[in-house]
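*Asks:* Got a structure here, written out as structure tokens. Questions coming.
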Amino acid sequence: MLKQEELGQIGGVNRNTQGSYEKGERNPDAAYLVAVAAVGVDIMYVLSGARDISSADELSPAESRVLANYRALPEEDKASVRRLTDALAQSVSLRSETGSY
Numbered sequence: 001m002l003k004q005e006e007l008g009q010i011g012g013v014n015r016n017t018q019g020s021y022e023k024g025e026r027n028p029d030a031a032y033l034v035a036v037a038a039v040g041v042d043i044m045y046v047l048s049g050a051r052d053i054s055s056a057d058e059l060s061p062a063e064s065r066v067l068a069n070y071r072a073l074p075e076e077d078k079a080s081v082r083r084l085t086d087a088l089a090q091s092v093s094l095r096s097e098t099g100s101y
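Everything in the sequence shown is counted per the UniProt record's numbering, starting at 1 for the first residue and increasing by one.
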């Protein structure tokens, strides 16, 4: 993760200007956006606060199938799937913390 000063240097601005961008006090210009995009910054997030899904890692075919199946479910079933996946993830996390597999 880049520090505020490092990101400012990449974008060609000083730390104070970078801070004002992050606080929403000023808006970055196009040259800044192009420069920080070159190091992987999600420009959609910078401008709108919403993540650009296309900039995320590509889904594998299996992940795409799971997502498509999830989206086809009624809301009640989606809630069940979320509870199940939360429980599975918590179980894996606990096992990795204790070293028991």
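Glycine included, C-beta positions come from ideal geometry on N, C-alpha and C.
With distances taken from CA atoms, which of L7, T85, V41 is nearest G19?
*Replies:* Taking the sequence shown and counting its residues from 1, one reaches residue 19 at position 19. Checking every option, the nearest Cα to that of G19 belongs to L7.
*Asks:* If you draw a straight line from the alpha carbon of R95 to that of A89, how long is it in whole angstroms?
*Replies:* The residue given as residue 95 occupies position 95 in the sequence shown. The residue given as residue 89 occupies position 89 in the sequence shown. Spanning the two alpha carbons is a distance of roughly 10 Å.
*Asks:* Is the segment 57–68 touching the segment 24–37 in the sense that three or more CB pairs, one from each, lie closer than 8 Å?
*Replies:* Because the criterion of three Cβ pairs below 8 Å is not met, the segment 24–37 and the segment 57–68 do not touch.
*Asks:* Per DSSP, what kind of secondary structure is K3 in: helix, strand or coil?
*Replies:* As a working note, residue 3 is residue 3 in the sequence shown. Residue state, collapsed to three classes: coil.
*Asks:* From what residue to what residue does the alpha helix (DSSP H) around S60 run?
*Replies:* Here residue 60 refers to the residue found at position 60 when the sequence shown is read from its first residue. Per DSSP, S60 belongs to no alpha helix (DSSP H) and is neither H nor E.
*Asks:* In whole angstroms, what is the alpha-carbon distance linking V41 and R83?
*Replies:* As a working mapping, residue 41 is identified with position 41 in the sequence shown. As a working mapping, residue 83 is identified with position 83 in the sequence shown. Looking at the two C-alpha atoms, the distance is approximately 32 Å.
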